[in-house]
Every structure is written in structure tokens, then in C-alpha cells.
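**Q** Residue 183 in our numbering sits at position 179 of the sequence shown; the count goes up by one each step and never skips.
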Amino acid sequence: SRLLNVVDAAGVSRSQNGLYAYGTPFWGDCCVTRSYDVRYDVNAPYVALTFDSGKFSIDGSLRYDMGDARGSYNGTAIAQNLDVNGDGVIQPVEQRVATVDTANSRPVDYDWNYLSYSLGGNYLITDDLGAFARISRGARANADRLLFGVVRDDGSVSSEEGVNVVRQAEAGLKWRRDGLSLFATAFSARTQEQNFEITSQRFFNRSYEAHGVELEASYRYEGFTLNGGLTWTDAEISR
């Protein structure tokens, strides 16, 4: 393969050795030439318990995440007529160069904490049929994507933007006899997401909802096994 140079209608080269730009001008030079010096610390104690009594069993767990982010970051600055290769000539590709904005360092100084849990149970209705249910809540702390415009001047972020939360509930039936197994599960999930979309340079805050049913089947005969599954989902971006 060979590098190609872009030439305009007047025959003037707009690139250099295949390089069209130092940066990403089509995306506003927002996202490539940046510098980070940030430390993330997380502590997460947890506990899990299980209780089993004949036909009924229950299990649960708790986890508490505590974290902090400390440091600084630098965005992008545009330098005009910067001789990047040092040949003494300003090429068209060097007329506008994305550089790290070292003159404007910004602080990162925020904490987060959240509780995650899961509680589920199983009940043996008959020797072949069982029922189960579970509710859960989990989360994930955002990190470097927040540094694209959500961090305040003092380095803090809001609690809503700092953590993405997921909530889920499910319930179903399990049936098994001889080599045949059938499973049916109804579920509902709600998810939050804060993220940065590079091409449009937008930071978005969205919520998703999904509800549905899963059907699974398995048949085993001697050395032969056949598995199948079907899922119906009704999902939407609710915000």
C-alpha cells in the first residue's frame, strides 16, 4: 500500500505524506489532542448470604462502592502556522495544528458512592417444576468521558452525571423431566447512561427501558443434546 496526497483544483497539495491534518478538524479538533493526569481510587465492601430450607432457597448480596477522582486534564488548543516537522517551511497541513492546551490545566476533584444489591429466591413447586424471582440494582461510575465538558470549574461533577444506574427484575418458571428442560422468564430493566458522542460533540444523558420474555428449551438423549431459545423484547429510549 502507498500513502496518497490530496491535491486541490489548483494543483496545490493539501496533505503531507498522506497526512491531511494534525488533529480532527471534521470533529472540531475536540477529542484527540488531550492530556490526562487523573487518579481513580475505589473501595467496595460487600456481603453475600444464602438460606436454604427444603423446597425454598433465598440469596442476597449488598455492595457499597466508594470512590474518588483527583488530578487534572488539558483540552485542545489550535496553533496557527506551526512547523511540526521542523523543516523551516509551513506546509498547508501545518497551517492549523491541534495541540495540547498546556496553558489551561483544569482540575478533577469529585467523589462518588452508590449501593448495589441483588435478592433472589427459588421455590420447588413439584419435583419437576420450580419458580424463581430476582430483583437487582447495580451501577457504574463514569470516568474519562466526564472530562469532555461535564466537570465543573472546581473539578466537581453532579451525582447524577457521575454514576450510571441499572435496575432489573425478573421472574419465571423452570420445568425438567427426563431429558427435557423448559424455562420461561419475564424481565424488566431500566438503565441510565451519560456519555460523550465524539462526532457531534454532544454529552448526552439518557434512560433506557426494556421489558420482555425469554423462552429456553433443552433436550438431551444419550450423547445428543439440542438447545433452543427465543426472546421477545420491547425496548425504548425513555429520556
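We put the beta carbon where it would ideally sit given N, CA and C, even for glycine.
These numbers were taken from a predicted model, which means no experiment stands behind them.
1) Going by DSSP, what residue range makes up the beta strand (DSSP E) through E197?
2) According to DSSP, is E213 part of a helix, a strand, or is it coil?
3) When DSSP labels each residue in this structure, what does L230 get in the three-state scheme?
4) Relative to the C-alpha of F50, which residue among R156, L119, L128 and F228 is closest?
5) Apply the 10 Å Cβ neighbour rule to Y201 and answer buried if 16 or more other Cβ atoms are within range, or exposed otherwise.
6) Which of the three DSSP states is assigned to G79 in this structure?
7) For A145, which option in Y114, R138 and S211 has the closest C-alpha, if you only look at C-alpha atoms?
8) Which one of T28, L66, G27 and R6 has the shortest CA to CA distance from N21?
9) Any idea what DSSP makes of S163, helix, strand or coil?
10) If you draw a straight line from the C-alpha of A81 to the C-alpha of V104, how long is it?
11) Relative to the C-alpha of D41, which candidate in A214, H215, T195 and G159 has its C-alpha closest?
12) What do you get for V161, buried or exposed, if any count of 16 or more other CB atoms within 10 angstroms of its CB means buried?
13) Over the uninterrupted beta strand (DSSP E) stretch that includes T103, give me the two end residues.
14) Enumerate, from N- to C-terminal direction, the unbroken beta strand (DSSP E) stretches of 3 or more residues contained entirely within the region 22–54.
15) Using alpha carbons as the reference points, say which of Q205, R224 and A137 lies closest to A173.
16) Give the range of the beta strand (DSSP E) segment to which G142 is assigned.
17) Rounding to the nearest angstrom, what Cα-Cα distance links L23 and Q84 in this structure?
**A** Taking the geometry as given:
1) L184 to E201
2) strand
3) strand
4) Residue 50 is actually Tyr in this sequence, not Phe. Nearest option by C-alpha distance: L119.
5) Sequence inspection shows Glu at residue 201; the Tyr mentioned does not correspond to that position. The residue is exposed, with fewer than 16 neighbouring Cβ atoms inside 10 Å.
6) strand
7) Y114
8) R6
9) helix
10) 6 Å
11) G159
12) buried
13) R100 to L128
14) 39–47
15) A137
16) L133 to A145
17) 17 Å
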